[in-house]
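What follows is a set of notes on a single structure, which appears directly below.
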Amino acid sequence: MQCNVGREDKIVRFVAGAVVIGAGFYYGSYLGVIGVVLVFTALFGLCPVYSIFGISTCKKD
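Start counting the sequence shown at 31; every next residue gets the next number (this note's numbering).
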């Protein structure tokens, strides 16, 4: 699988994911699941939704 999440996008996703995970714990809701998805897409550099729509924020080589 090819990278479709660029550096800046990864940073935003990781930070947003961490905040959403924290909110999930704080409010005792399932928000944490969304946060985990954001963190995993940041760590692996692959977003399934981007793949479906053919979007890539990775720099071209």
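All residues carry an ideal CB built from backbone N, CA and C; glycine is no exception.
Check                                                                                                          : Outcome
Same chain, Cβ closer than 6 Å to Ser-86, five either side skipped, listed in chain order                      : Asn-34
Boundaries of the alpha helix (DSSP H) in which Leu-73 is found, first to last residue                         : 61 to 74
Simplified DSSP state of Ile-85, which is helix, strand or coil                                                : coil
Where Val-35 falls: helix, strand or coil (DSSP)                                                               : coil
Val-69 classed as buried or exposed, judged by whether at least 16 other C-beta atoms fall within 10 angstroms : buried
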